[in-house]
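Note that my numbering has the sequence shown beginning at 47, numbered continuously upward.
Worksheet: the structure to be examined is printed underneath.
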Amino acid sequence: MEATGVYHESLAYYLYSIRKQVSIVLPNKISNYAKTLDIKTITDKSASQAIARFGLERQLEVWQPPLKIFNDLRQLCREREQLVHERTMLKNQLHAERTSATSSESSVNRTKKRIALIDLQEKEIRGEIAILIKGDKTLVEKMKIVSSIPGRRNLTAVTIIAETNGFELIKNKRQLVSYAGLDVREKISGTSVKSKPRISKRGNRNLRKVMHFPALAAIRTDERFRDIFLRIVSRHGIKMKAIVAIQRKLLELTFILWKNNSYYNSEHEYQIIPFQEVSL
């Protein structure tokens with residue numbers, strides 16, 4: 047089946063419960079495959095036929111439902127992220143209302159109450175996340191390991207683990223980078239077609255988003271990441287390229303430490319895939 051937000055999940059869980067083999071495929075893979083077929087009219091029927099043919103022709107991995115704890119953590123982290131986004135908008139709105147020449151005091155008070163409610167709900171979510179983690183001794187130790195990376199907060203580590211289901215289905219670093227949408231896309235054909243390498247952004251946007259601030263913190267606090275950042279900036283003069291490179295390296299490093307059960311050591315040379323220079 048094709049991954050369609052959350053709408054495919056009920057069917058996937060039902061089929062798994064009656065011991066049927068399920069494969070879930072990203073929509074862009076099905077779309078690209080359908081373009082190779084002689085289909086002129088796109089309908090629900092032709093789309094389902096394309097999915098069926100794709101499943102018959104390809105060797106697909108069998109889907110396994112994530113552990114309940116990772117599923118619960120993912121829902122909590124996403125709910126918190128939405129609340130943070132709403133709070134930022136409300137604070138911007140509050141600033142505009144306060145500086146307006148015709149501001150309404152009652153409107154300002156209501157906005158303050160909404161911000162206070164969001165603060166309370168976020169605190170509740172943090173508490174629920176902490177309780178879930180403390181209930182699993184193995185996960186507690188794993189979280190200490192991934193939190194040992196420079197610039198890494200506990201909430202960032204939780205989000206990474208939740209969005210990847212504890213790296214359960216991740217077999218290697220390249221697959222992880224692709225899943226996050228930090229893989230490189232490039233098109234070269236002969237001498238006339240040569241596009242700039244760019245990150246695909248076709249992946250888990252929650253995972254990609256959560257890597258931004260840890261990358262900035264790692265640049266400030268760790269000499270190794272700072273040297274990488276300065277080297278890329280001196281070569282191209284574009285800071286964002288260097289920040290994306292650090293994001294990718296941090297994500298790969300998280301995977302390495304999780305799989306090896308080892309804490310971060312700034313003096314150790316970790317085998318990380320070289321990052322191609324890309325445009326954003």
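Here a beta-carbon is modelled for each residue, glycine too, at the ideal position from N, C-alpha and C.
Keep in mind that this is a model prediction, so the values were computed, not measured.
Shown here, V71 sits in a strand according to DSSP, grouped into three states. Contact between the stretch 204-214 and the stretch 98-118 is established, with three or more Cβ pairs separated by less than 8 Å. Here the alpha carbons of N307 and I245 stand approximately 29 Å from one another. Take the alpha-carbon of L296 and the one of K255: they are about 13 Å apart. Rounded to whole angstroms, the gap between the alpha carbons of D268 and I191 is 17 Å. Ranked by how close their Cα comes to the Cα of I302, the residues I278, V290, N252 and Q221 have Q221 in first place. Short of 7 Å from the beta carbon of L72, and not among the five residues preceding or following it, lie these beta carbons of its own chain, in chain order: A49. For R294 and D182, the gap between their C-alpha atoms comes out near 28 Å.
In the DSSP assignment, K81 falls outside any alpha helix (DSSP H), carrying neither H nor E. Looking at the DSSP output, R270 sits in no beta bridge, so it has no partner there. Contact between E168 and L129 holds: their C-beta atoms lie close to 5 Å from each other, under 8 Å. The DSSP-derived three-state label of I245 is strand. Per DSSP, Y60 is one residue of the alpha helix (DSSP H) stretching across E55 to S63.
When DSSP states are grouped into helix, strand and coil, E48 belongs to the strand group. If you look at I179, you'll find it in the alpha helix (DSSP H) that goes E151 to K180.
Across the structure, Y79 and F100 are spaced so that their CA atoms are roughly 7 Å apart. Within the same chain, P260 come within 6 Å of R198 by CB-CB distance, once the 5 residues on both sides are set aside. In this model, Y310 and P196 are separated by some 8 Å (Cα to Cα).
Each of S193, D273, Y59 and F275 was checked against the Cα of L299, and the nearest Cα belongs to S193. Under the DSSP assignment, F116 falls in the alpha helix (DSSP H) whose first and last residues are K114 to T145. Residues S312 of the same chain have their beta carbon placed closer than 8 Å to that of R270, with the five preceding and five following residues left out of the count. Under the Cβ criterion (8 Å, minimum of three pairs), the stretch 121-136 does not count as touching the stretch 84-98.
Secondary structure of L296 (DSSP, three-state): helix. Listed in chain order, the non-local C-beta contacts of M47 below 8 Å within the same chain comprise H54, L57, A58, V68, S69, I70, V71 and I97, local neighbours out to five positions each way being set aside.
Collapsing the DSSP output to three states places N306 in a helix. Closest in C-alpha terms to E103, from the list T82, R251 and E174, comes T82. Closest in C-alpha terms to L228, from the list K217, L215 and N252, comes N252.
Put simply, the backbone Cα of L113 is about 12 Å away from that of I207.
Residue environment for I88: exposed (fewer than 16 other C-beta atoms within 10 angstroms of its C-beta). Annotation: the continuous alpha helix (DSSP H) that includes R99 extends over D90 to E103.
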